[in-house]
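Student:
Protein chains in written order, with this note's numbering: chain L, 1 to 111; chain V, 1001 to 1112.
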């Protein structure tokens, strides 16, 4: 059972470039989340989804976009990368009323 | 709104010391309560949980009791090891909630 899989694990972007962080889960969970974790800090919620076709903003959505066309996949899009988006990004999923399962993270550096 | 307050870190302890990390929350209704642990370079993973008042969650020597009257879920371990060095997150999940907000976490450093 793979759980939550994130790709890539590491990425360096130049300012103004775009990229998509991939997240897929094989547990048939309805709820999926994207968080960012800045060095030495906690998690900030970027976007979340309660099912295919339904997404909503979290605490820090600016500069990001998401889509949820299937239950399994929840990609995060950065359109115009900025140094402030240097962070570690975590994807998570959960079934209703119980704990979340996290991916291993994507470490992104914008230079 | 719903929120969680954890003690600030870093918490530095010697091996075999007693650990307490305080967590209090505000939430409507009766949330499920979770402690997650994040080891260096990894994602978060569930450490323990409790889903109703007076429940005690336990795992790997860690314990936490769901205290409805004080809205607390303090994490304890009788004797910490160097391998327990990590960041610990208290994360209540209010019933019927879609958003899942985490706090700042508490960094624990255990010295040999």
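Each residue gets a CB set at the ideal place from its N, CA and C atoms; glycine is no exception.
In terms of residues, what are the limits of the beta strand (DSSP E) holding residue 1006 of chain V?
Tutor: By one-based count along the second chain, residue 1006 of chain V stands at place 6. Looking at the DSSP string, the run of the beta strand (DSSP E) that includes residue 1006 of chain V is 1003–1006.
Student: Can a CB atom of chain V be found closer than 9 angstroms to the CB of residue 72 of chain L?
Tutor: One-based indexing of the first chain puts residue 72 of chain L at position 72. Closer than 9 angstroms: no.
Student: Based on DSSP bridge pairs, tell me the residues matched to residue 1065 of chain V.
Tutor: The residue you call residue 1065 of chain V lines up with position 65 of the second chain. According to DSSP, residue 1065 of chain V bridges with V:1056.
Student: DSSP three-state label for residue 26 of chain L, please.
Tutor: Numbered from 1 along the first chain, position 26 holds the residue referred to as residue 26 of chain L. Of the three classes helix, strand and coil, the one that applies to residue 26 of chain L here is coil, per DSSP.
Student: Short of 9 angstroms Cβ to Cβ, which residues in the stretch 1053–1069 of chain V face chain L?
Tutor: Listed by position, the residues of the stretch 1053–1069 of chain V near chain L (Cβ gap below 9 angstroms) amount to none.
Student: Check whether the stretch 78–89 of chain L touches the stretch 101–109 of chain L, counting contact only when three or more Cβ pairs, one atom from each stretch, lie closer than 8 angstroms.
Tutor: Counting Cβ pairs under 8 angstroms, three or more are found: they touch.
Student: Using the Cα positions of residue 1074 of chain V and residue 1110 of chain V, report the straight-line distance between them to the nearest angstrom.
Tutor: Residue 1074 of chain V sits at position 74 when you count from the first residue of the second chain. Residue 1110 of chain V sits at position 110 when you count from the first residue of the second chain. Going by the C-alpha atoms only, they are around 18 angstroms apart.
Student: Mapping the DSSP letters down to three states, classify residue 93 of chain L as helix, strand or coil.
Tutor: Locating residue 93 of chain L in the first chain gives position 93, counting from the first residue. DSSP places residue 93 of chain L in strand when its eight states are reduced to three.
Student: Distance check for residue 1112 of chain V and residue 1044 of chain V, CA to CA, integer angstroms please.
Tutor: The residue labelled residue 1044 of chain V in the question sits at position 44 within the second chain. The residue labelled residue 1112 of chain V in the question sits at position 112 within the second chain. If you take the alpha carbons of residue 1044 of chain V and residue 1112 of chain V, they lie about 24 angstroms apart.
Student: Look up residue 19 of chain L in the DSSP assignment and give the residues it is bridged to.
Tutor: On the first chain, position 19 is the one that residue 19 of chain L refers to. DSSP output for residue 19 of chain L lists L:78 as bridge partner(s).
Student: Taking any Cβ of chain L, which residues in the stretch 1004–1021 of chain V have a Cβ under 7 angstroms from it, in chain order?
Tutor: Cβ contacts with chain L come from no residue of the stretch 1004–1021 of chain V.
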